[in-house]
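Number 169 marks the last residue of the sequence shown (this note's numbering); no jumps. Heads up, the beta-carbon is just placed ideally off N, CA and C, and yes, glycines get one too. Single-structure report; data block below.
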Amino acid sequence: MQENKLIRAASPAGYRQAYRTLRALRTLSTDEGERESYTDAITDVNVALNWMTTGRPPRSKRGIERRYRNVIWDPKWIETYHSKNAGYTIERDTTIKELSEEDRLRIDEAMYNLSERERQCFVMHIVDLMSFEEIGVELHLGKSSVQTFVERAREKIEQGKMFNTLLF
2 MQENKLIRAA
12 SPAGYRQAYR
22 TLRALRTLST
32 DEGERESYTD
42 AITDVNVALN
52 WMTTGRPPRS
62 KRGIERRYRN
72 VIWDPKWIET
82 YHSKNAGYTI
92 ERDTTIKELS
102 EEDRLRIDEA
112 MYNLSERERQ
122 CFVMHIVDLM
132 SFEEIGVELH
142 LGKSSVQTFV
152 ERAREKIEQG
162 KMFNTLLF
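Below you can see the structure in the form of structure tokens.
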């Protein structure tokens with residue numbers, strides 16, 4: 002029985018009940034210090050209730066899902082990529098299957114519009130799974146610059162996918 006009360010208290014319904022109770026107690030209270038304590042408790046319960054119902058911190062303009070848009074990339078599509086334009090080869094585990102000529106051409110098309118720096122940063126981040134900071138140290142760039150290059154590369158690749166879809 003005690004566990005059921007705890008579970009109900011930790012649910013949004015339990016918080017709503019606590020909110021109503023605290024407001025009633027604040028209204029009945031005559032001591033100013035006590036009223037401040039009730040006001041603080043009401044604020045805390047309200048914040049927790051908002052967080053539980055919306056799934057994000059109260060008063061945040063953007064939720065975490067917007068800040069970190071998860072784009073699902075299949076790393077195998079670029080695992081064995083080597084372009085004449087890239088100027089370097091990425092060594093990979095030999096157990097991974099080789100790309101077909103068609104896949105290699107699609108990757109070359111996707112990478113065609115990228116600048117040298119965008120290509121380097123994109124491949125190091127997506128294929129080598131390096132952090133922005135590690136790439137920055139390697140290429141003597143700032144972390145935010147690397148992030149900008151990777152984001153631009155992703156946008157250009159997405160635009161290329163849409164363009165190719167319209168053509169074919």
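{"Query": "Go through its chain and collect everything with a Cβ distance to Gly161's Cβ below 7 Å, but skip five positions before and after it.", "Result": "Glu110, Ala111, Asn114"}
{"Query": "I need the DSSP call for Arg17, collapsed to helix, strand or coil.", "Result": "helix"}
{"Query": "What whole-angstrom Cβ distance do Leu26 and Tyr39 have, given they're in contact under 8 Å?", "Result": "6 Å"}
{"Query": "Please state whether the Cβ-Cβ distance between Arg57 and Ile43 is less than 8 Å.", "Result": "no"}
{"Query": "On the three-state DSSP scale, how would you describe Met131?", "Result": "coil"}
{"Query": "So is Ala11 buried or exposed if we call it buried at 16+ other beta carbons inside 10 Å?", "Result": "exposed"}
{"Query": "Find the nearest neighbour of Thr55 within the set Val138, Gln121, Gln148, Pro13, judged by alpha-carbon distance.", "Result": "Pro13"}
{"Query": "Buried or exposed for His141, please, with buried defined as at least 16 other CB atoms from any protein chain shown within 10 angstroms of its CB.", "Result": "exposed"}
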